[in-house]
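Here is the structure we will look at.
Residue numbers (UniProt numbering): 1 to 269.
So this is what it looks like as C-alpha coordinates:
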(Lines of atoms letter the chains of each structure in order from A and count residues from 1; the text may use other names and numbers.)
(Lines give C-alpha, C1' and ligand atoms only; values in the text may rest on other atoms or scores of the structure.)
Protein backbone atom coordinates (compact mmCIF):
# COMPACT_ATOMS: atom_id res chain seq x y z
CA UNK A 1 0.00 0.00 0.00
CA UNK A 2 1.24 3.48 -0.81
CA UNK A 3 2.17 5.39 2.34
CA UNK A 4 -0.44 8.04 3.15
CA UNK A 5 2.24 10.51 4.19
CA UNK A 6 3.99 10.21 0.82
CA UNK A 7 1.07 11.76 -1.09
CA UNK A 8 1.84 15.42 -1.72
CA UNK A 9 -1.47 16.71 -3.08
CA UNK A 10 -0.04 20.14 -3.86
CA UNK A 11 2.32 18.63 -6.45
CA UNK A 12 -0.13 16.25 -8.12
CA UNK A 13 -2.84 16.90 -10.70
CA UNK A 14 -6.42 16.09 -9.74
CA UNK A 15 -6.36 12.80 -11.64
CA UNK A 16 -2.95 11.74 -10.28
CA UNK A 17 -4.19 12.53 -6.76
CA UNK A 18 -7.24 10.30 -7.27
CA UNK A 19 -5.00 7.46 -8.48
CA UNK A 20 -2.67 7.96 -5.49
CA UNK A 21 -5.54 7.97 -2.98
CA UNK A 22 -7.14 4.89 -4.59
CA UNK A 23 -3.83 3.02 -4.27
CA UNK A 24 -3.48 4.16 -0.65
CA UNK A 25 -6.95 2.87 0.26
CA UNK A 26 -7.02 -0.35 -1.77
CA UNK A 27 -4.10 -2.78 -1.99
CA UNK A 28 -5.64 -4.33 -5.12
CA UNK A 29 -6.16 -1.09 -7.07
CA UNK A 30 -4.98 -1.91 -10.63
CA UNK A 31 -3.08 1.29 -11.45
CA UNK A 32 -1.40 -0.02 -14.62
CA UNK A 33 -4.68 -1.33 -16.04
CA UNK A 34 -6.44 1.98 -15.34
CA UNK A 35 -3.68 4.06 -16.93
CA UNK A 36 -3.54 1.77 -19.98
CA UNK A 37 -7.34 1.94 -20.52
CA UNK A 38 -7.29 5.70 -20.13
CA UNK A 39 -4.39 6.07 -22.54
CA UNK A 40 -6.45 4.23 -25.16
CA UNK A 41 -9.51 6.40 -24.44
CA UNK A 42 -7.44 9.58 -24.77
CA UNK A 43 -5.97 8.45 -28.12
CA UNK A 44 -9.46 7.62 -29.41
CA UNK A 45 -10.77 10.99 -28.21
CA UNK A 46 -7.92 12.89 -29.90
CA UNK A 47 -8.75 11.18 -33.16
CA UNK A 48 -12.52 11.72 -32.75
CA UNK A 49 -12.27 15.49 -32.24
CA UNK A 50 -9.33 16.09 -34.60
CA UNK A 51 -11.37 17.54 -37.48
CA UNK A 52 -12.80 20.31 -35.30
CA UNK A 53 -10.88 23.61 -35.02
CA UNK A 54 -12.78 25.54 -32.33
CA UNK A 55 -12.40 24.37 -28.70
CA UNK A 56 -16.18 24.49 -28.09
CA UNK A 57 -16.78 22.21 -31.09
CA UNK A 58 -14.06 19.86 -29.86
CA UNK A 59 -15.77 19.70 -26.46
CA UNK A 60 -19.15 18.99 -28.11
CA UNK A 61 -17.56 16.07 -29.94
CA UNK A 62 -15.93 14.82 -26.74
CA UNK A 63 -19.28 14.90 -24.91
CA UNK A 64 -20.87 12.98 -27.79
CA UNK A 65 -18.08 10.38 -27.65
CA UNK A 66 -18.11 10.03 -23.85
CA UNK A 67 -21.87 9.79 -23.31
CA UNK A 68 -23.30 8.51 -26.62
CA UNK A 69 -20.61 6.26 -28.10
CA UNK A 70 -18.86 5.06 -24.96
CA UNK A 71 -22.14 5.15 -23.00
CA UNK A 72 -20.79 6.56 -19.76
CA UNK A 73 -23.56 7.68 -17.43
CA UNK A 74 -25.24 7.42 -14.04
CA UNK A 75 -25.64 4.00 -12.43
CA UNK A 76 -28.96 2.18 -12.54
CA UNK A 77 -30.39 -0.90 -10.86
CA UNK A 78 -28.96 -2.30 -7.60
CA UNK A 79 -25.35 -1.38 -6.92
CA UNK A 80 -22.96 -0.50 -4.10
CA UNK A 81 -22.12 3.19 -3.95
CA UNK A 82 -18.39 2.47 -3.65
CA UNK A 83 -18.51 0.52 -6.93
CA UNK A 84 -19.54 3.65 -8.85
CA UNK A 85 -16.82 5.73 -7.18
CA UNK A 86 -13.75 3.57 -7.83
CA UNK A 87 -12.21 4.72 -11.12
CA UNK A 88 -11.27 1.17 -12.19
CA UNK A 89 -14.89 0.01 -11.78
CA UNK A 90 -16.25 3.06 -13.62
CA UNK A 91 -13.93 2.33 -16.56
CA UNK A 92 -15.20 -1.28 -16.62
CA UNK A 93 -18.93 -0.66 -16.25
CA UNK A 94 -19.20 2.90 -17.67
CA UNK A 95 -21.49 3.67 -14.71
CA UNK A 96 -20.50 6.29 -12.15
CA UNK A 97 -21.46 9.20 -9.95
CA UNK A 98 -21.16 12.90 -10.78
CA UNK A 99 -17.74 13.03 -9.12
CA UNK A 100 -16.22 9.84 -10.63
CA UNK A 101 -17.59 10.52 -14.13
CA UNK A 102 -16.57 14.17 -13.82
CA UNK A 103 -12.98 13.28 -12.87
CA UNK A 104 -12.64 10.94 -15.86
CA UNK A 105 -14.11 13.46 -18.30
CA UNK A 106 -11.95 16.26 -16.86
CA UNK A 107 -8.80 14.18 -17.29
CA UNK A 108 -9.56 13.38 -20.94
CA UNK A 109 -10.55 17.01 -21.67
CA UNK A 110 -7.33 18.30 -20.12
CA UNK A 111 -5.29 15.89 -22.24
CA UNK A 112 -7.09 17.43 -25.24
CA UNK A 113 -6.18 20.93 -23.94
CA UNK A 114 -9.85 21.86 -23.46
CA UNK A 115 -10.76 24.51 -20.83
CA UNK A 116 -12.88 22.30 -18.56
CA UNK A 117 -12.84 22.77 -14.76
CA UNK A 118 -14.62 21.26 -11.75
CA UNK A 119 -17.25 23.13 -9.73
CA UNK A 120 -18.44 21.87 -6.33
CA UNK A 121 -22.09 22.93 -6.67
CA UNK A 122 -24.11 22.53 -3.42
CA UNK A 123 -25.93 19.46 -4.81
CA UNK A 124 -23.20 17.67 -6.81
CA UNK A 125 -20.04 18.15 -8.85
CA UNK A 126 -20.61 19.92 -12.16
CA UNK A 127 -18.14 20.93 -14.88
CA UNK A 128 -17.51 24.40 -16.25
CA UNK A 129 -16.08 25.35 -19.65
CA UNK A 130 -15.04 28.99 -20.13
CA UNK A 131 -14.80 30.37 -23.66
CA UNK A 132 -12.97 33.43 -24.99
CA UNK A 133 -16.24 35.31 -25.62
CA UNK A 134 -16.82 35.22 -21.81
CA UNK A 135 -19.61 32.70 -22.22
CA UNK A 136 -19.49 29.54 -20.15
CA UNK A 137 -21.01 26.09 -20.33
CA UNK A 138 -22.08 24.30 -17.16
CA UNK A 139 -22.14 20.56 -17.76
CA UNK A 140 -23.88 17.76 -15.85
CA UNK A 141 -21.31 14.92 -15.53
CA UNK A 142 -24.10 12.34 -15.29
CA UNK A 143 -25.18 12.77 -18.91
CA UNK A 144 -23.20 15.60 -20.56
CA UNK A 145 -26.21 17.97 -20.69
CA UNK A 146 -25.53 21.72 -20.74
CA UNK A 147 -27.22 23.17 -17.64
CA UNK A 148 -29.01 26.52 -17.50
CA UNK A 149 -29.36 28.64 -14.38
CA UNK A 150 -33.04 27.81 -14.01
CA UNK A 151 -32.23 24.08 -13.72
CA UNK A 152 -29.55 24.82 -11.12
CA UNK A 153 -32.02 26.91 -9.12
CA UNK A 154 -34.54 24.03 -9.22
CA UNK A 155 -31.81 21.67 -7.93
CA UNK A 156 -31.08 24.04 -5.04
CA UNK A 157 -34.72 24.50 -4.08
CA UNK A 158 -35.45 20.76 -4.36
CA UNK A 159 -32.36 19.51 -2.54
CA UNK A 160 -31.25 22.26 -0.15
CA UNK A 161 -34.19 24.53 0.74
CA UNK A 162 -37.23 26.04 -1.01
CA UNK A 163 -35.77 29.49 -0.24
CA UNK A 164 -32.29 28.73 -1.66
CA UNK A 165 -30.94 31.12 -4.27
CA UNK A 166 -28.22 30.69 -6.88
CA UNK A 167 -25.13 32.82 -6.24
CA UNK A 168 -22.18 33.45 -8.53
CA UNK A 169 -19.77 31.82 -6.08
CA UNK A 170 -21.78 28.56 -6.37
CA UNK A 171 -20.24 28.30 -9.83
CA UNK A 172 -16.62 29.14 -9.05
CA UNK A 173 -13.88 26.75 -10.18
CA UNK A 174 -12.94 24.33 -7.38
CA UNK A 175 -9.35 23.64 -6.39
CA UNK A 176 -8.17 20.06 -6.95
CA UNK A 177 -7.82 19.43 -3.21
CA UNK A 178 -11.50 20.39 -2.70
CA UNK A 179 -12.61 17.83 -5.31
CA UNK A 180 -10.35 15.14 -3.80
CA UNK A 181 -11.80 15.85 -0.37
CA UNK A 182 -15.38 15.66 -1.70
CA UNK A 183 -14.72 12.31 -3.38
CA UNK A 184 -13.03 10.91 -0.28
CA UNK A 185 -15.93 12.03 1.93
CA UNK A 186 -18.48 10.28 -0.31
CA UNK A 187 -16.28 7.18 -0.56
CA UNK A 188 -15.71 7.06 3.21
CA UNK A 189 -19.47 7.24 3.89
CA UNK A 190 -20.13 4.50 1.32
CA UNK A 191 -17.46 2.21 2.80
CA UNK A 192 -18.78 2.75 6.35
CA UNK A 193 -22.32 1.97 5.16
CA UNK A 194 -21.04 -1.18 3.42
CA UNK A 195 -19.17 -2.23 6.62
CA UNK A 196 -15.79 -2.16 4.83
CA UNK A 197 -14.19 -0.70 7.93
CA UNK A 198 -10.50 -1.15 7.11
CA UNK A 199 -10.97 0.61 3.75
CA UNK A 200 -13.08 3.32 5.42
CA UNK A 201 -10.29 3.87 7.95
CA UNK A 202 -7.78 4.35 5.11
CA UNK A 203 -10.09 6.95 3.50
CA UNK A 204 -10.50 8.80 6.83
CA UNK A 205 -6.74 8.88 7.38
CA UNK A 206 -6.35 10.50 3.95
CA UNK A 207 -8.99 13.10 4.87
CA UNK A 208 -7.11 13.77 8.10
CA UNK A 209 -3.94 14.27 6.10
CA UNK A 210 -5.78 17.11 4.32
CA UNK A 211 -7.24 18.55 7.56
CA UNK A 212 -5.62 16.92 10.64
CA UNK A 213 -7.92 18.55 13.23
CA UNK A 214 -11.33 18.05 11.57
CA UNK A 215 -13.51 16.89 14.51
CA UNK A 216 -16.02 15.19 12.20
CA UNK A 217 -13.38 13.03 10.55
CA UNK A 218 -11.90 12.26 13.98
CA UNK A 219 -15.40 11.27 15.14
CA UNK A 220 -15.83 8.97 12.13
CA UNK A 221 -12.41 7.44 12.78
CA UNK A 222 -13.55 6.76 16.35
CA UNK A 223 -16.75 5.12 15.10
CA UNK A 224 -14.75 2.92 12.73
CA UNK A 225 -12.30 1.96 15.49
CA UNK A 226 -15.30 1.06 17.68
CA UNK A 227 -16.61 -1.22 14.90
CA UNK A 228 -13.15 -2.80 14.70
CA UNK A 229 -13.28 -3.26 18.52
CA UNK A 230 -10.26 -1.00 19.08
CA UNK A 231 -12.06 0.70 21.96
CA UNK A 232 -9.06 2.42 23.52
CA UNK A 233 -8.29 4.54 20.41
CA UNK A 234 -12.01 4.86 19.63
CA UNK A 235 -12.61 6.52 23.00
CA UNK A 236 -9.87 9.08 22.43
CA UNK A 237 -11.39 10.11 19.08
CA UNK A 238 -14.99 10.20 20.29
CA UNK A 239 -14.10 12.25 23.39
CA UNK A 240 -12.20 14.69 21.12
CA UNK A 241 -15.36 15.17 19.02
CA UNK A 242 -17.62 15.76 22.03
CA UNK A 243 -15.18 18.30 23.48
CA UNK A 244 -14.84 20.20 20.19
CA UNK A 245 -18.47 20.03 19.03
CA UNK A 246 -20.58 20.16 22.23
CA UNK A 247 -23.47 21.94 20.44
CA UNK A 248 -23.78 19.29 17.72
CA UNK A 249 -26.92 17.16 18.33
CA UNK A 250 -24.88 14.03 17.50
CA UNK A 251 -22.70 14.75 20.56
CA UNK A 252 -25.46 13.48 22.89
CA UNK A 253 -25.59 10.15 21.04
CA UNK A 254 -21.78 9.92 21.04
CA UNK A 255 -21.74 10.56 24.83
CA UNK A 256 -24.01 7.54 25.34
CA UNK A 257 -21.64 5.43 23.21
CA UNK A 258 -18.61 6.71 25.18
CA UNK A 259 -20.32 5.83 28.47
CA UNK A 260 -21.14 2.30 27.25
CA UNK A 261 -17.54 1.79 26.08
CA UNK A 262 -16.14 3.05 29.39
CA UNK A 263 -18.45 0.72 31.35
CA UNK A 264 -17.33 -2.20 29.19
CA UNK A 265 -13.69 -1.21 29.81
CA UNK A 266 -14.30 -1.21 33.58
CA UNK A 267 -15.95 -4.66 33.45
CA UNK A 268 -13.05 -6.08 31.43
CA UNK A 269 -10.58 -4.75 33.97
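Every residue gets a Cβ at the ideal spot worked out from N, C-alpha and C, and that includes glycine. Fair warning: this is a prediction, and the values are worked out from it, not measured in the lab.
From what residue to what residue does the alpha helix (DSSP H) around residue 59 run? To locate residue 59, count along the chain shown from 1; it is residue 59. That run of the alpha helix (DSSP H) goes 55-63.
Sort 187, 255, 195 and 190 by Cα distance to residue 219 and report the nearest one. By 1-based counting over the chain shown, the position of residue 219 is 219. Ranking the options by Cα distance to residue 219, first place goes to 255.
CB contact flag (residue 144, residue 66, <8 Å): Taking the first residue of the chain shown as 1, we reach residue 144 at position 144. Taking the first residue of the chain shown as 1, we reach residue 66 at position 66. Yes.
I need the DSSP call for residue 19, collapsed to helix, strand or coil. As a working mapping, residue 19 is identified with position 19 in the chain shown. In this structure, residue 19 counts as helix in the three-state DSSP scheme.
Check whether residue 223 and residue 261 have beta carbons under 8 Å apart: Position 223 of the chain shown, counted from the first residue, corresponds to residue 223. Position 261 of the chain shown, counted from the first residue, corresponds to residue 261. Contact: no.
Proximity of residue 114 and residue 100 at Cβ, strictly below 8 Å: Mapped onto the chain shown, residue 114 falls at position 114. Mapped onto the chain shown, residue 100 falls at position 100. Not in contact: residue 114 and residue 100 (Cβ atoms no closer than 8 Å).
Extract the residue ranges of the alpha helix (DSSP H) inside the stretch 130-167, only unbroken runs of 4 or more that lie entirely within it. 149-159
Taking 8 Å as the cut-off, decide whether the C-beta atoms of residue 166 and residue 156 are in contact. On the chain shown, position 166 is the one that residue 166 refers to. On the chain shown, position 156 is the one that residue 156 refers to. Yes. Within cutoff.
Does the stretch 65-83 come close enough to the stretch 93-113 that 3 or more CB-CB pairs lie under 8 Å? yes
If you reduce the DSSP assignment to three classes, tell me which class residue 102 lands in. In the chain shown, residue 102 corresponds to position 102, counting from 1. Residue 102: helix per DSSP, three-state reduction.
Given a cut-off of 8 Å on the beta-carbon distance, is the pair residue 297 and residue 176 in contact? The chain is shown only over 1 to 269; residue 297 falls outside these bounds and no answer can be derived.
Option in 53, 60, 112 and 27 with minimal Cα separation from residue 39: For the purposes of this step, residue 39 is taken as residue 39 along the chain shown, with counting starting at 1. Comparing Cα-Cα distances from residue 39 to each of 53, 60, 112 and 27, the minimum goes to 112.
The beta strand (DSSP E) spanning residue 249 covers which residue range? On the chain shown, position 249 is the one that residue 249 refers to. Careful: residue 249 lies outside any beta strand (DSSP E) and carries neither H nor E.
Would you please state the rounded distance, in angstroms, between the beta carbons of residue 184 and residue 203? I believe it to be under 8 Å. For the purposes of this step, residue 184 is taken as residue 184 along the chain shown, with counting starting at 1. For the purposes of this step, residue 203 is taken as residue 203 along the chain shown, with counting starting at 1. Residue 184 to residue 203, Cβ: 5 Å. Contact.
Based on DSSP bridge pairs, tell me the residues matched to residue 218. Position 218 of the chain shown, counted from the start, is the residue given in the question as residue 218. Paired residue(s): none; residue 218 is not in a bridge.
On the DSSP letters alone, give me the boundaries of the beta strand (DSSP E) that residue 78 sits inside. Taking the first residue of the chain shown as position 1, residue 78 is located at position 78. No beta strand (DSSP E) holds residue 78; DSSP gives it neither H nor E.
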